[in-house]
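Residue numbers for the sequence shown follow the working numbering, beginning at 333 and rising by one. Glycine included, each C-beta is placed from N, C-alpha and C at the ideal position. The block underneath contains the structure these notes are about, expressed in structure tokens.
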Amino acid sequence: MSNALDWFEIPVVELDRAMRFYETLLQTTLREEAFNGQRMAILPYRDGGVGGALIVGEQLVPSTQGTVVYLGAGEDLDGALARVAAAGGRALSGKIHLSDAVGSIAFFMDTEGNRIGLHSPR
């Protein structure tokens, strides 16, 4: 096993709104798909890497409690945090420097009500 995490799903209420938010935040385009009748938007990942998606479902409820997914912010965590507000989300923290070896993190609430983390190696 190379990664403890294989796949993750971020529950959303309104997929189109969530796609606009995450496309703005991550400065990318998400790919919409349907799997077993569920609409989802695939977040970018490298072949063989850990992937994830935004997903709509009756049993899936956005939350600020529980597991936290950290998305890669690249080298510019401050820029990613600025895009959170511009895209309709809300920063829950500023940049938190953990160490030079680990980098920095920050937390935000997306347009759907999920608490998500950002990570930067700087």
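Given residue i as reference, the closest of the options once Cα atoms are compared
i	options	result
Trp339	Val401, Glu355, Glu346	Val401
Gly327	Asn368, Asp442, His451	With the chain covering 333 to 454 only, the question about residue 327 has no answer from this structure.
Phe440	Asp379, Leu403, Asp408	Leu403
Asn335	Arg378, Val382, Glu341	Val382
Gly389	Pro376, Thr396, Met372, Ser395	Met372
Segment limits, alpha helix (DSSP H) that includes residue i
i	result
Arg415	409-418
Arg352	347-358
Rounded separation between residue i and residue j - CA only
i	j	result
Asp348	Ala414	21 Å
Val393	Arg447	12 Å
Leu362	Ala433	31 Å
Gly384	Ser431	27 Å
Ile374	Asp410	24 Å
Asp442	Arg378	24 Å
His429	Pro453	10 Å
Gly449	Ala419	16 Å
Per-residue burial, residue i [other beta carbons within 10 Å of its own, 16 or more giving buried]
i	result
Val344	buried
Ser425	exposed
Leu337	exposed
Phe367	exposed
Gly421	buried
Ala342	First, the amino acid is wrong: residue 342 is Ile here, not Ala. When all chains shown are included, Ile342 counts as buried.
Ile387	buried
Glu444	buried
Where the beta strand (DSSP E) containing residue i begins and where it ends
i	result
Leu424	Taken as a continuous stretch (DSSP letters only), Leu424 belongs to no beta strand (DSSP E), as it is neither H nor E.
Tyr402	402-404
Ala373	370-374
Across the region 350-364 and the region 414-427, are there enough close Cβ pairs to call them in contact, namely three or more that are closer than 8 Å?
yes
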